[in-house]
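Scroll down for the structure; my scribbles are underneath it.
Residue numbers (the working numbering): 1 to 112.
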C-alpha cells in the first residue's frame, strides 16, 4: 500500500506499507526536502492513517522497521514503539564466513 501526503496539490511525503495476514510493516518512507513542506510534518500525518488502516484490517502487529539513526530512533519510539533485537543468520558453505570477513577487513585497511 502507498500512502501519500499532499499540500496544495503537491505530494510532500510518502510511505510504503507492506500488508501481511496478521501484521502491517512500515517499509519505506520519504519526505520532500523543502523547508516549506517539512513544516507540515508529513510523516506525522501519514502514520496515524497507517495505524488506523492496520487496525481496521485487524492487524495484530505494526512493524515500524529499524532504528538506524538517533533521529529516526527518537521518532519511532515517540509513537510508542517497542525496541526489539533482530537476530541475523548467516550461512556459508564450509564455514567460509569468518575467513571472508577477515579478508574484507584486510582489504579495507590496505593502503590505496
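Heads up, the beta-carbon is just placed ideally off N, CA and C, and yes, glycines get one too.
Residue range of the unbroken alpha helix (DSSP H) whose run includes residue 75: Run containing residue 75: 70-77, per the alpha helix (DSSP H) assignment.
Residue span of the beta strand (DSSP E) that contains residue 98, given as start and end: Run containing residue 98: none in the beta strand (DSSP E); it sits in the alpha helix (DSSP H), 97-109.
For residue 46, three-class secondary structure by DSSP: Under the three-state reduction of DSSP, residue 46 is assigned to helix.
Cβ-based burial, residue 42 [other Cβ within 10 Å; buried from 16]: Around the CB of residue 42, 16 or more other CB atoms lie within 10 Å, so the residue is classed as buried.
CA nearest to the CA of residue 27, picked from 36, 37, 50: If we check each option's Cα against that of residue 27, 50 comes out closest.
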